[in-house]
Structure formats: C-alpha cells, structure tokens
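4 protein chains.
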Amino acid sequence: MVDAADLKSVAFGRAGSSPAFGTIKLTIMLQTTAQIRVRFSETDAMGVVYHANYLPWCEVARTQLLAEVGLPYVELQASGFLLPVLEANLKYRSPARYDDLISVHAVMKEMPRVRIRIDYEISRGNELLVTGYTQHAFMNREGQAIKPPAFFTEKLQAAFTKASEAQTR
Amino acid sequence: MVDAADLKSVAFGRAGSSPAFGTIKLTIMLQTTAQIRVRFSETDAMGVVYHANYLPWCEVARTQLLAEVGLPYVELQASGFLLPVLEANLKYRSPARYDDLISVHAVMKEMPRVRIRIDYEISRGNELLVTGYTQHAFMNREGQAIKPPAFFTEKLQAAFTKASEAQTR
Amino acid sequence: MVDAADLKSVAFGRAGSSPAFGTIKLTIMLQTTAQIRVRFSETDAMGVVYHANYLPWCEVARTQLLAEVGLPYVELQASGFLLPVLEANLKYRSPARYDDLISVHAVMKEMPRVRIRIDYEISRGNELLVTGYTQHAFMNREGQAIKPPAFFTEKLQAAFTKASEAQTR
Amino acid sequence: MVDAADLKSVAFGRAGSSPAFGTIKLTIMLQTTAQIRVRFSETDAMGVVYHANYLPWCEVARTQLLAEVGLPYVELQASGFLLPVLEANLKYRSPARYDDLISVHAVMKEMPRVRIRIDYEISRGNELLVTGYTQHAFMNREGQAIKPPAFFTEKLQAAFTKASEAQTR
C-alpha cells in the first residue's frame with residue numbers, strides 16, 4: 000500500500016561522484032495502522048460505507064499514531080490543547096462494505112511546524128480503497144490558533160529521531 | 000396520529016352527581032411537530048433509515064418544543080443546565096426512506112417534577128412509522144442531578160396554563 | 000454485571016415432591032461481550048457519548064453473538080433475510096467518554112419464536128453505564144415479516160443445547 | 000458569500016477597442032442554497048460541529064440542486080443510476096455550533112462530461128465557515144462506471160441554457 004519509494008528516497012550523489020562522498024537522504028516518517036471492523040450503522044442505502052464515515056476512521060488511526068508517540072489526545076485536551084481539522088481530503092477508489100476488516104494506515108511524513116499533516120491509506124486486505132489527508136492546527140481552549148506547545152514538539156521530535164535511528168541501523 | 004382520546008380525557012362528574020353538575024377534566028399537554036427531510040446519510044444498507052437515526056429527530060422535535068415555550072436549549076446550556084437522556088424507547092412499525100418528508104410530533108403530557116418525559120410519534124403523511132419516548136433529568140455543569148431551576152418550571156407552568164386556557168375557551 | 004440470579008433460576012421440585020427429588024431448571028442463555036474503544040466522532044457537545052450512539056455498539060455485540068453461533072449477519076443478508084429492529088430501549092446511568100474502553104455484553108435469554116430479543120449491559124470496567132434491549136423480527140427481501148428460516152432456528156437451538164451442556168457439566 | 004466576480008466575468012475588450020470587437024465571457028453556473036439547522040447530534044466534545052458532519056450537509060445541497068433541475072436523486076436511483084463520491088475536500092475556517100442556522104451554497108460551475116464536480120460554501124449569516132468540493136461519477140446498479148445517461152445530460156444542458164438566458168437578459 001505504501002510505495003517503498005515514498006518511504007525511503009535514497010540519493011547517492013550525482014553521477015561521477017564517489018559513493019563514499021554521496022549523501023544518503025532518508026525520508027523518516029511516523030506511521031501506524033488501525034484495524035476497523037465495518038459496522039452496519041456505517042453503511043448507506045447504496046449498500047456500502049457512507050462516504051463521510053471514513054473520516055472518523057482516519058481520526059482513529061491519527062489519534063492512535065499520536066498515542067503511540069506518547070501524545071494521547073485525551074491528555075492533549077486535558078492540557079488545554081485541541082487539534083481541530085483545517086482541511087480534509089478523501090479520494091474514493093472502491094467502497095468498503097458491512098463487516099469488512101479495514102486497515103487505516105496513517106502517516107506523518109514530516110515534523111510539523113505550525114500545521115500538522117497526516118496522510119491516510121484505507122485498505123481491505125491488499126486492496127486500496129480510499130486515500131486522503133487531513134491538516135490540523137493547534138488551538139487553545141479559547142479557540143485561538145497557537146504554536147504547538149513544547150512538550151508536543153519534543154515528543155514528536157523524539158519519535159522522529161527514534162524512527163530515523165531504526166531506519167539507519 | 001394522535002388519538003383524540005389521549006388528548007382529552009373528559010370525566011363527567013363525581014360519583015352520585017348528575018352529569019349536569021359534573022366537572023370536566025382536560026388533560027392539557029404541550030406539543031409541537033417538527034418537519035424532517037430524510038438525508039441519504041441517515042439510511043443504511045437495508046435501504047431504509049438506520050434505527051438509531053430516529054433519536055436525533057426526536058431531539059429536534061424536543062428542543063423545538065422547549066424553544067416554543069421560551070426555553071431554547073442553547074440558553075439552558077448557557078445558564079449551566081443540561082438535560083441528559085435517562086431513557087429512550089422507540090417502537091418501529093414501518094421504515095422511513097431517503098427523501099421522505101417526516102413529521103415528528105413531540106408531546107409533554109404532564110408538568111415535569113424531577114424527570115421530564117416526552118412522547119413522540121414519527122409519521123410520513125398519515126402513516127405512523129415510529130412511536131417512542133425519552134426521559135430526562137436536570138443536571139448541572141458538574142454532572143450532578145439537580146431539581147429543575149425555578150425559571151424552567153415557571154416557563155413550563157405558564158405554557159401549561161396557556162394551553163389549558165386555549166382548550167377551555 | 001450480569002446478576003447471577005438472572006443467569007440461573009433454580010427451581011427445586013414439583014408441587015408435593017420432596018426437594019431431595021426435585022428438578023433443577025437452569026435458564027440457559029447465549030451471550031458474548033464486544034469491546035469498543037470510544038471514538039471522538041461518537042461524542043457530543045456535552046463532552047460525552049451522544050445517547051443514540053450506544054445503539055450501533057449494541058448492534059456490534061448482537062451481530063458478534065449471531066456470528067459466534069454460526070449465523071454471520073452478512074450470510075443472513077445474502078440468504079435474503081433481514082433482522083429489522085422492532086423496538087429499542089436504553090437506560091442511561093452514567094456516560095461513556097472519548098477513548099474509554101467499553102464492554103458491550105449481549106445476551107439472548109431464550110430461544111426466539113417469532114421475535115428475537117437481545118439484552119445489553121454496557122460497562123466501563125466494573126461500572127455499568129447503560130442497560131437496554133432490542134427486539135427484532137425476521138423479514139424477507141420484499142419487506143414482509145416471516146418466520147425464522149429453519150437453518151436459523153437449528154443453529155440457535157444447537158447453540159442453546161451446547162450452552163446447556165456446558166452449564167450442567 | 001459568492002463573489003460576484005466569480006459568477007460573471009465580463010470582459011469588454013481592452014481600452015481603446017470598439018465594443019463591437021469585444022468579447023463577452025459569462026461564466027454560467029447552476030446553484031442553490033440549502034438551509035440547515037445544526038442538530039445537537041452533529042456536535043462533538045469540542046463543542047462544535049464534528050468535521051465529518053459537513054459532508055451530509057453538502058449532500059443535502061447537492062441533491063437539492065439536482066432536484067431543482069428536474070433530477071431528483073430518488074428518480075436517478077429508481078432508474079438504476081448512482082452518483083458515488085470520487086473525492087471530497089473540505090477546508091474549515093470557523094466552526095458551526097449547535098442550533099446555528101447554516102446556509103450551504105452548492106454550485107455546478109460547468110456542464111459535466113464524465114465527472115461531476117460541485118463546489119460548496121457553508122456559511123452562518125455573512126460568515127463563511129467551510130468551503131469544499133465533491134467529485135462524482137456515474138455508476139450503474141452493477142457498480143460499473145458509466146457515462147451519464149442521455150436524460151441526465153439533457154436536463155442539465157437545459158438548465159445551463161436557461162441559466163445562460165437569465166444571465167444575458
């Protein structure tokens with residue numbers, strides 16, 4: 000589902016340069032996969048999953064990703080931070096159906112600065128059904144857009160570093 | 000849809016008294032009807048409205064009833080009061096379908112003391128589809144069950160009185 | 000969560016017989032428990048799970064129970080049978096919240112004849128949050144109420160017999 | 000909400016050119032506005048409308064637009080045609096809240112060939128809350144992508160022609 004070329008873009012210097020002096024650029028990313036069993040309530044009269052109902056699944060995978068790097072959303076909220084959705088985009092290739100076992104792969108491709116972007120691939124077995132992304136801002140309880148708090152960027156940075164080390168080993 | 004016998008229970012007289020001197024007891028109630036156009040998102044793979052999706056319609060009618068007696072739910076909330084659902088019961092006779100125009104008739108049959116009960120009749124034209132009721136408690140912001148505040152009972156009492164006057168005229 | 004007295008109703012003996020020679024009547028039931036992680040999409044502006052959103056969870060547990068006795072709902076549908084909801088009742092004691100891990104215990108207390116009744120207990124750990132039941136009819140593709148087909152009653156009867164044997168061993 | 004410059008882009012040649020040689024380019028479009036009252040069930044624990052719940056509103060406006068040009072979605076379905084969503088995109092500026100009266104402006108900017116694109120502007124009074132678009136394909140009952148049927152393109156063409164005439168009058 001995830002193209003290997005997306006996960007690692009390796010560049011060995013230009014032609015003519017010695018590999019010894021080449022640069023290796025690894026695209027490090029944070030990722031997770033949530034498993035979802037399709038509920039009957041998520042279907043519509045076309046007999047398939049209603050198109051809006053993929054967004055809650057993306058959220059399940061997104062919050063799982065944050066929890067796995069030590070940032071459970073309940074704690075973010077308790078600390079007074081919200082991550083409202085600024086943009087959501089879904090492309091539908093093939094529909095999910097009642098009782099399907101669905102994988103929602105969520106990827107954070109780069110360390111967020113102001114906006115946080117997560118990409119999704121929703122699949123049934125090897126069949127890619129839906130792709131998409133969401134973008135998020137940081138907001139305080141008063142509804143004002145703010146910079147990500149220090150503990151958030153530190154946890155994420157640590158996770159990116161760890162992912163980087165795992166990749167280069 | 001609403002049986003006339005339910006709306007008015009007329010009792011002619013005490014035991015032993017002549018009907019001519021009898022008393023008329025009217026069951027006064029508050030009621031309203033909300034109109035709902037069925038959305039595609041509310042259907043399921045059986046091709047009809049998903050059974051849980053009648054509850055939000057009941058809520059639309061219930062909050063319309065409260066708003067009509069001068070108690071809009073947004074103001075209740077702003078005043079620190081919530082009306083959580085204690086019980087919900089729905090009986091399904093016949094399904095609503097996409098694009099149907101649905102009437103949700105909500106009735107408060109008696110002045111609430113601690114609990115508030117609303118009855119519902121959900122119809123398409125003359126066809127009764129679903130009947131049900133919900134029961135509610137008063138809760139403060141801390142989640143504690145409380146007695147209805149004075150302004151709430153006063154507004155409701157005024158509405159019942161007004162309904163009573165309209166009925167006896 | 001399930002009261003032991005509900006699970007076993009022991010009756011010692013016929014009228015006139017000595018308890019020593021009595022018969023033991025066990026109320027055998029089919030049951031299962033589904034685990035649900037509360038999604039953010041299931042909450043409402045009161046900060047808790049929206050009251051209608053417990054019904055899809057009941058359905059998850061109900062269809063899990065049917066699947067466990069060899070009657071997956073997708074196969075029922077493929078065979079042309081639907082199990083529409085005739086009645087749903089929920090009593091709310093305490094609210095579930097975002098990210099809670101919820102158990103939905105579904106019980107079929109007796110072999111269904113025409114109607115199928117399932118009882119539910121929804122809990123967070125040891126705390127019982129919501130109780131309820133649903134009643135269902137058998138319907139064919141044309142929307143007509145029918146008797147349960149033979150394969151359905153046979154599978155259920157076999158499951159009740161197996162549960163009975165497990166209980167008396 | 001809709002910028003007038005978007006609706007009509009009139010170019011009368013450059014300065015110095017005679018009007019007789021000028022070109023008039025009118026952007027003709029089909030459009031409608033649906034009114035939505037926010038339901039409590041549509042909110043989430045952030046106290047605002049859950050981000051996925053704007054998509055059903057877009058659908059309400061989209062099907063209203065189709066109905067207004069003589070193509071009610073129920074008739075499309077009855078004729079064996081479905082309009083599944085291929086892509087959905089929403090950009091969130093400001094949240095809608097419980098009980099808000101929301102306008103969903105849907106626009107078909109050009110006569111569809113294979114894909115149908117609808118743009119949306121979701122507003123509360125003069126405040127633009129959400130913008131977005133959806134893209135759709137034509138599908139038959141077997142789930143195969145097909146060209147729009149003749150009656151569909153004819154009705155739409157007639158509506159575009161009528162909109163064009165109204166604009167030039």
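Chains as they are written, first to last, in numbering that gives the first Met the number 0: chain A, 0 to 168; chain B, 0 to 168; chain C, 0 to 168; chain D, 0 to 168. The C-beta atom is built at its ideal place from N, Cα and C for all residues, glycine as well.
- Our two residues, C:Asn125 and C:Pro71, have alpha carbons roughly 29 Å apart in a direct line.
- Exclusion of the five residues before and after B:Glu67 leaves Thr31 as the residues of its chain whose Cβ lies within less than 6 Å of its Cβ.
- Of the candidates A:Glu74, A:Trp56 and A:Arg38, A:Trp56 places its Cα closest to the Cα of A:Asp118.
- Residue nearest to D:Val47 within the set C:Tyr53, C:Ser40 and C:His50 is C:Ser40 (criterion: CA-CA distance).
- When the alpha-carbon of D:Phe137 is set against those of D:Gly79, D:Ala165 and D:Arg92, the nearest one is in D:Gly79.
- For the C-beta of D:Ser40, the chain C residues within less than 8 Å are, from N- to C-terminus, Asp43, Tyr49 and Ala51.
- Taking 9 Å as the cut-off, the beta carbon of C:Ala33 is found closer than this to the beta carbon of C:Ala105.
- If you ignore the 5 residues before and after B:Arg96, its C-beta comes within less than 6 Å of the C-beta of Val47, all in its own chain and listed in chain order.
- Interface criterion not met: the Cβ of C:Pro111 is under 9 Å from no Cβ in chain B.
- When beta bridges are read from the DSSP output, C:Tyr132 appears opposite C:Asn88 and C:Asp118.
- The three-state secondary structure of C:Glu126, taken from DSSP, is strand.
- In the DSSP annotation of this structure, the continuous segment of the beta strand (DSSP E) that includes C:Leu29 starts and ends at Leu29 to Arg36.
- Judged by their CB atoms, A:Lys146 and A:Thr26 are not nearer to each other than the 9 Å cut-off.
- At a cut-off of 9 Å, the C-beta of A:Tyr72 has a neighbouring C-beta in chain C.
- DSSP places B:Leu64 inside the alpha helix (DSSP H), whose first and last residues are Tyr53 to Glu67.
- Annotation: Cβ neighbours of A:Pro55 in chain C (cutoff 7 Å, chain order): Arg38 and Ser40.
- Not one beta carbon of chain C lies nearer than 9 Å to the beta carbon of A:Thr152.
- Within the DSSP secondary-structure output, C:Phe137 pairs in a beta bridge with C:Ile145.
- In the DSSP assignment, B:Val113 falls outside any beta strand (DSSP E), carrying neither H nor E.
- When only Cα atoms are considered, A:Ala144 and A:Val103 end up about 28 Å apart.
- Counting along the chain, D:Ala77 sits inside the alpha helix (DSSP H) bounded by residues Tyr72 to Ala77.
- Taking the CA atoms as reference points, D:Glu153 sits about 18 Å from D:Asn139.
- Minimum Cα-Cα distance from A:Tyr91 among the listed residues A:His50, A:Val59, A:Leu65 and A:Arg112 corresponds to A:His50.
- The C-beta of A:Val84 has 16 or more other C-beta atoms within 10 Å across all chains shown, which makes the residue buried.
- Flagged as an interface residue toward chain D: A:Leu89, by a C-beta distance shorter than 9 Å.
- Contacts with chain D at 9 Å (Cβ-Cβ) do not include B:Gln34.
- Closest option to D:Val37, judged by alpha-carbon separation, among C:Arg38, C:Arg36, C:Asp43 and C:Val37: C:Asp43.
- Put simply, the backbone Cα of A:Ala165 is about 11 Å away from that of A:Met28.
- Bridge pairing for A:Thr42: A:Val48 [DSSP].
- If you ignore the 5 residues before and after B:Ile121, its C-beta comes within less than 8 Å of the C-beta of Tyr53, Trp56, Cys57, Ala95, Ile101, Ser102, Val103, His104, Leu127, Leu128, Val129, Thr130 and Gly131, all in its own chain and listed in chain order.
- Of A:Lys161, A:Gln76, A:Val59 and A:Asp98, the smallest CA-CA separation from A:Pro148 is found for A:Gln76.
- Inter-residue distance for B:Phe151 and B:Ala158 is about 11 Å (C-alpha atoms, whole angstroms).
- C:His135 is not a Cβ neighbour of C:Arg112, given a cutoff of 9 Å.
- When DSSP reads this structure, D:Leu100 sits in a beta bridge with D:Arg36.
- If you draw a straight line from the Cα of B:Leu155 to the Cα of A:Leu155, it comes to about 54 Å.
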